[in-house]
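Following: one structure in structure tokens, then a few remarks.
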Amino acid sequence: MNSRRWIVLGTLLLICSVLILVIGVVFSLSRFNMKQVLMPGTVEFTMDTPGPFFLAYEPRTDYEGTLYVSPEDSTFTFELESLDDGASASIEKPLVSANYRIGGRRGRYIGKANLSAGSWKLIGRASAGDDHRAVYAYGRTPIASIVIPIIISVLATALIGPVGLGLLVVGLILRVQARKRAMSASKSTAEG
């Protein structure tokens, strides 16, 4: 295999590794669909299928063109009420802390509930004497669905990138050695 093929193959692998990383990040960010809501207040939403519902607190975030800065710890209490049958669902604190920062949004997951399909209402209440408004986000996006594709793309890049770089270096070394041999051969032919 001549040096040009090594260089081309190495360059292609490096380009592929960067593309894999970019695609992984874009794919992850496109899956993030937590809707923002200003609390205290209520918001109605529909669960098309039964499953997990997530609640996040965004203490420093951009909401409809305004930057909201709230205390680091949430002081609100929340209830989930079914609009179909009036049943309530409990919101459990997450076992692991999960933070996110996407664009002008910075938040952390503060609760999860398993809901049945149907129409629901999220009710947020401020503590007694607390008159500030804060931004929360709700939806069906678990943090794992955002992080795992990024981790996979980083691992793929970490494996493919060095191989591509190695092949590129080998190709460059072979090219330099071939030029030295060609120069030596032409020099010895000129002297002889």
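To convert, take the position in the sequence shown, counting from 1, and add 12; that gives the working numbering. For glycine and all other residues, C-beta sits at the position ideal for the given N, C-alpha and C.
Discussion item. I need the DSSP call for MET46, collapsed to helix, strand or coil.
Written reply: coil
Worksheet item: VAL147 bridges to which residues according to DSSP?
Response: Looking at the DSSP output, VAL147 bridges to LEU50, GLU70.
Worksheet item: Are there 16 or more other CB atoms within 10 angstroms of the CB of SER165, so buried, or fewer, so exposed?
Response: Answer is buried; the Cβ neighbour count reaches 16.
Worksheet item: With 16 as the cutoff for other CB atoms within 10 Å, does GLU76 come out buried or exposed?
Response: exposed
Item to complete: Just tell me which of GLY136, ILE155, LEU31 has its CA closest to the CA of THR87.
Response: GLY136
Practice prompt. Using 10 angstroms around the beta-carbon of SER131, count the other beta-carbons present and answer buried if the total reaches 16, otherwise exposed.
Written response: exposed
Discussion item. Let me confirm a value: GLN48 is counted as buried when at least 16 other C-beta atoms fall within 10 Å, else exposed. Which label applies?
Written reply: buried
Discussion item. I need the DSSP call for PRO154, collapsed to helix, strand or coil.
Written reply: coil
Discussion item. Taking 9 Å as the threshold (C-beta atoms), are LEU67 and TYR121 in contact?
Written reply: In this structure, LEU67 lies closer than 9 Å to TYR121 by Cβ.
Worksheet item: How about PHE65 and ARG152: are their beta carbons less than 9 Å apart?
Response: yes
Fill in: Spatially closest choice to ASP85 from VAL38, HIS144, ILE172, PRO62, by CA coordinates
HIS144
Discussion item. Let's test the definition: count the other Cβ atoms within 10 Å of the Cβ of PRO83 and tell me whether it reaches 16, buried, or not, exposed.
Written reply: Note on PRO83: under 16 other CB atoms within 10 angstroms of its CB, so exposed under the neighbour-count rule.
Worksheet item: Whose C-alpha, out of GLY116, SER196, THR58, VAL108, is nearest the C-alpha of LEU95?
Response: With distances taken between CA atoms, LEU95 lies nearest to THR58 out of GLY116, SER196, THR58, VAL108.
Worksheet item: Can you name the residues that DSSP bridges to THR58?
Response: SER131
Discussion item. Rounded to the nearest angstrom, what separates THR201 and ALA194 at their Cα positions?
Written reply: In a straight line, the C-alpha of THR201 is about 10 Å away from that of ALA194.
Worksheet item: Any idea what DSSP makes of ILE114, helix, strand or coil?
Response: strand
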